[in-house]
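Numbering (the numbering used here), first residue to last: 36 to 294. Note that the Cβ used here is the ideal one computed from N, Cα and C, for glycine as well. Have a look at the structure below before the remarks.
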């Protein structure tokens, strides 16, 4: 990711190579699709200034909003200076490709797990929030079941906290100020799942592996990392959520949900 952003900056400013704003925008867009807040901010800046691409304030707001959603300081300031445009479309390079689906896949192909009574209020939160993030509520429930067993006060030995077990860095990344507040924690976990689904084209095994071990580990190993904990985690998620491919409700969300 760092190399991608560095090359884009060189092309944007003509540092050590011919200046090529269009090529820079294309590289920033790749980084933005992979979830880089710096890439989203840089592409938003180029859209706002018509550099390497047509000027588009609506797209700029959308990209600044995405970066601000991850705590990017400059993007947070700029998104407040532009009129909100939640209807703005993302550039084509940031829209995940259509996912292959089995034509014989039944709309409701498995028996949903019978979670404990403690999960009922959690499911209400998940079903209310998940559609805005384009995350299947059943996938979120599986993650919560495996991560915390529906305990909002859960803390792991690695200091992962709350229902979706957000480590402090992830909580900060998705602007979760109180990880023990069920709704705030679920928002942060859904935002992270949404990013991982886009990064790994809906492959549930890779998304689960990345949620457990980090997206960097999945990218380095080009698949599920060879860690026993992660492989056990992927198996446990699969027992609760049997679809191998997450089905998006649309090609891209209407907007990054506001906090």
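* Spell out the partners DSSP gives residue 201 in its beta bridges. => Counting from 1 along the chain shown, the entry for residue 201 is found at position 166. Answer is 196.
* To do: Check the DSSP bridge columns for residue 280 and list the partner residues they point to.
  => Start at 1 with the first residue of the chain shown, and residue 280 comes out as number 245. According to DSSP, which records beta bridges pairwise, residue 280 is partnered with 238.
* Asked: Would you report the Cα separation of residue 134 and residue 116, rounded to the nearest angstrom?
  -> On the chain shown, residue 134 is found 99 positions in, with the first residue counted as 1. On the chain shown, residue 116 is found 81 positions in, with the first residue counted as 1. Residue placement at residue 134 cannot be trusted, given a pLDDT of 41 that sits under 50; what the coordinates show is reported in the next sentence. Distance between the alpha carbons of residue 134 and residue 116: 36 Å.
* Within the same chain, show all residues whose beta-carbon is closer than 8 Å to that of residue 201, passing over the 5 residues directly before and after it, in chain order. => Taking the first residue of the chain shown as 1, we reach residue 201 at position 166. For residue 201, where only same-chain residues beyond five positions count, the Cβ hits under 8 Å are 195, 209, 211, 214, 220, 223, 224 and 227.
* **First and last residue of the uninterrupted alpha helix (DSSP H) at residue 64** => For this step, residue 64 is matched to residue 29 along the chain shown. Here the alpha helix (DSSP H) through residue 64 covers 56 to 68.
* Asked: How about residue 75 and residue 98: do their beta carbons lie closer than 9 Å?
  -> Counting from 1 along the chain shown, the entry for residue 75 is found at position 40. Counting from 1 along the chain shown, the entry for residue 98 is found at position 63. In contact: residue 75 and residue 98 (Cβ atoms closer than 9 Å).
* Asked: Sorted by chain position, which residues of the same chain lie with C-beta nearer than 6 Å to residue 148's C-beta, five sequence neighbours on each side aside?
  -> Within the chain shown, numbered from 1, the residue matching residue 148 stands at position 113. If you ignore the 5 residues before and after residue 148, its C-beta comes within less than 6 Å of the C-beta of 275, all in its own chain and listed in chain order.
* Asked: Since residue 190 sits in a beta bridge, which residues does DSSP pair it with?
  -> In the chain shown, residue 190 corresponds to position 155, counting from 1. Residue pairing of residue 190 in beta bridges, as defined by DSSP: 196.
* Asked: Are the region 48 to 61 and the region 183 to 194 touching by the rule of at least three beta carbon pairs closer than 8 Å?
  -> Counting Cβ pairs under 8 Å, fewer than three are found: no touch.
* Taking just the CA atoms, how far does residue 104 sit from residue 110? -> Counting from 1 along the chain shown, the entry for residue 110 is found at position 75. Counting from 1 along the chain shown, the entry for residue 104 is found at position 69. A straight line joining the alpha-carbon of residue 110 with that of residue 104 spans about 9 Å.
* So residue 256 is in the alpha helix (DSSP H); what residue range does that whole segment cover? -> One-based indexing of the chain shown puts residue 256 at position 221. Here the alpha helix (DSSP H) through residue 256 covers 250 to 256.
* **Inter-residue CB distance, residue 199 and residue 178 (contact presumed, cutoff 8 Å)** => On the chain shown, position 164 is the one that residue 199 refers to. On the chain shown, position 143 is the one that residue 178 refers to. So it is a contact: roughly 6 Å between Cβ atoms.
* Asked: Cα separation between residue 158 and residue 167?
  -> For the purposes of this step, residue 158 is taken as residue 123 along the chain shown, with counting starting at 1. For the purposes of this step, residue 167 is taken as residue 132 along the chain shown, with counting starting at 1. One Cα belongs to residue 158, the other to residue 167, and the distance between them is close to 15 Å.
* Run through DSSP, which three-state label would residue 71 get? -> Counted from its first residue, the chain shown places residue 71 at position 36. Of the three classes helix, strand and coil, the one that applies to residue 71 here is coil, per DSSP.
* Under 8 Å Cβ to Cβ from residue 38, same chain only, skipping five residues before and after it: list those, please. => The residue labelled residue 38 in the question sits at position 3 within the chain shown. There are no such residues.
* **Sequence-distant residues of its chain with Cβ nearer than 6 Å to residue 86 (five each side left out)** => Counted from its first residue, the chain shown places residue 86 at position 51. The answer, listed in chain order, is 56.
* **Contact check, residue 96 vs residue 126, beta carbons under 9 Å** => One-based indexing of the chain shown puts residue 96 at position 61. One-based indexing of the chain shown puts residue 126 at position 91. In this structure, residue 96 lies away from residue 126, with their beta-carbon atoms at least 9 Å apart.
* Asked: If you run the structure through DSSP and keep just helix, strand and coil, what is residue 81?
  -> Working through the chain shown from its first residue, we reach residue 81 at position 46. In the three-state reduction of the DSSP assignment, residue 81 falls in the helix class.
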